[in-house]
Structures are given as structure tokens and as C-alpha cells.
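Below is one structure, written out as C-alpha cells; the observations come after it.
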Amino acid sequence: MTDTAPEPIILAVPKGRILEEASPLLARAGIVPEPAFSDEGSRALRFRTNRPDIDLIRVRAFDVATFVAHGAAQLGIVGSDVLAEFDYSELYAPVDLGIGHCRLSVAEPAALAATDDPRGWSHVRVATKYPHLTRKHFEARGVQAECIKLNGAMELAPLLDLAPRIVDLVSSGRTLKENGLVEVETIMEVSSRLIANRAAFKTRPEVLPLVDGFRRAVERDTA
259 MTDTAPEPII
269 LAVPKGRILE
279 EASPLLARAG
289 IVPEPAFSDE
299 GSRALRFRTN
309 RPDIDLIRVR
319 AFDVATFVAH
329 GAAQLGIVGS
339 DVLAEFDYSE
349 LYAPVDLGIG
359 HCRLSVAEPA
369 ALAATDDPRG
379 WSHVRVATKY
389 PHLTRKHFEA
399 RGVQAECIKL
409 NGAMELAPLL
419 DLAPRIVDLV
429 SSGRTLKENG
439 LVEVETIMEV
449 SSRLIANRAA
459 FKTRPEVLPL
469 VDGFRRAVER
479 DTA
């Protein structure tokens, strides 16, 4: 009678820009995805790696935290903005990966900003995909925030009178500028973290060496 091999550890990674920055870190941590992972035409969502004990899943950035928090994946890579928005108690974020740097900011039309003073706000109407963080930020200042939840195309909200202000991630600021918007406040600085499911961290002995591998990969990158 032979022992059944344990299920692979599943690492959830986000689609898009963060994944591009994370790929070299994966390689330095000794994780090389199968060729289909880099195939933009592939519709697959789960991928094998060079290690039989690790599989990757590729999902939306906001869903990474949910998959890991509920134990469907044991590890994940996600921005600190997502962690703060969902605030899952089931997540542990042991490693700042030093990638995905940007900021979560309040922006408004340049014409409004020319005469506006955020210190005088008592009520704001904001379009954002971060309603929890937005309300928390403004409540700390004694400002009532009316949040309209959008999942994308945030810059359209002021242009179409949906909301005069937005809260969104900003990197270079180019998208804001091209849509006539300017930053007026920074809510938080953002970077990507390696996250782990707390229960898996305790019950799956394979998780800790993987976390240490990512930590060493980051240290080599910054050395």
C-alpha cells in the first residue's frame, strides 16, 4: 500500500502589471511555470510548474485575497491596497515583495482642484472600487463619504457627472492627466505582498519553506 501524494500548494497570482513584475521573483524563488502560463491566447487558469508540489492559478487581483482567505489557494501575491480593502483575518502577509509600487489617491477635475480645498470638505461623493478604504479614510477626517462602486474606467465618473471625485490607484499619473484629473490627496502607498492562508501556514509544512524562498528572492533582488 502506497501513501497518497499531498495535493500541490496553490499559489494565486494576479493578472496584469503585477504579474509581469512578479515573474522574475517566481524564477528566483525556484518556481518556473509551464509554457502555457506565458501564452496570452491560453484560456487556462490553473498551471503546473517545474515543481510537482506547486501549481499556479491566475485570477483578478481582487480575487487573489478571496481565494487565499477561504483556503482555495494557500499562497498568493496581491497588493497591500486589496489587503486593506478586504481586511480578511484569515490572511497573513509575511513578505513585502518590493514590486507593484503605486499609491491610492483621491483625484478630481483640474478645474475643480484649482478652487477646491480638501481641508474644507464635509461631504464627498466618490467613485471607487475601494469603498471600505475610502470611507475609513474620510471618516478619520470627519468627512462623510458617499461611495459609488465601480470596477473600472474610474476616470469617466467625473466626466459624465456620476461623481465629482474618484479614489483609484495611481502610478505615473498619465491616465489622470489624459482625462483632465489631478491628485489632491494620497490615502496610502501600495506595494505587493506575499500572502498566506493562516490555517495552511500552520497545517501545511510545505508553506514555510516557500515563504522563506520568496523572502530570499527579495533579499537577492535588493542586495
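For the sequence shown, position 90 (counting from the first letter as 1) is numbered 348 according to the numbering used here, and the numbering increases by one without interruption.
The beta carbon of each residue, even a glycine, is placed where N, CA and C say it ideally should be.
Three-state class that DSSP yields for Pro-463 in the structure shown: coil
Minimum C-alpha distance to Leu-439 - residue among Ser-281, Ala-371 and Ser-300: Ala-371
The segment 429–448 in contact with the segment 325–344 per 3-pair CB rule at 8 Å: yes
Status (buried if at least 16 other CB within 10 Å, exposed otherwise) for Ala-403: buried
Simplified DSSP assignment, three categories, for Pro-272: strand
Length of the line joining the Cα atoms of Arg-304 and Asp-375: 48 Å
Buried/exposed call for Gly-358, threshold 16 Cβ in 10 Å: buried
As assigned by DSSP and simplified to three states, the class of Val-290: coil
Exposure of Glu-477, with buried meaning 16 or more beta-carbon neighbours within 10 Å: exposed
Nearest-angstrom Cβ-Cβ length linking Ala-319 and Pro-272, presumed shorter than 8 Å: 4 Å
Phe-472 burial status per 10 Å Cβ neighbour count (16 or more: buried): buried
The alpha helix (DSSP H) enclosing Leu-205, as first and last residue numbers: Residue 205 lies beyond the range of the chain shown here (259 to 481); nothing can be said about it.
Heavy atom of the ligand NAD within 7 Å of Ala-270 beta-carbon: The ligand NAD is not part of the structure shown, which contains no ligands of any sort.
Span of the alpha helix (DSSP H), counted from its first residue to its last, around Asp-339: 338–344
Rounded separation between His-328 and Leu-349 - CA only: 9 Å
Limits of the unbroken alpha helix (DSSP H) element including Arg-306: Not the alpha helix (DSSP H): Arg-306 falls in the beta strand (DSSP E), residues 304–306.
Limits of the beta strand (DSSP E) - the one that Leu-362 falls within: 360–367
Pair within 8 Å by beta-carbon distance, Ile-424 and Ala-411: no
Helix, strand or coil at Thr-373 according to DSSP, with G and I counted as helix: coil
C-beta atoms of Ile-267 and Val-465 nearer than 8 Å: yes
Between the CA atoms of Arg-301 and Val-317 - distance to the nearest angstrom: 11 Å
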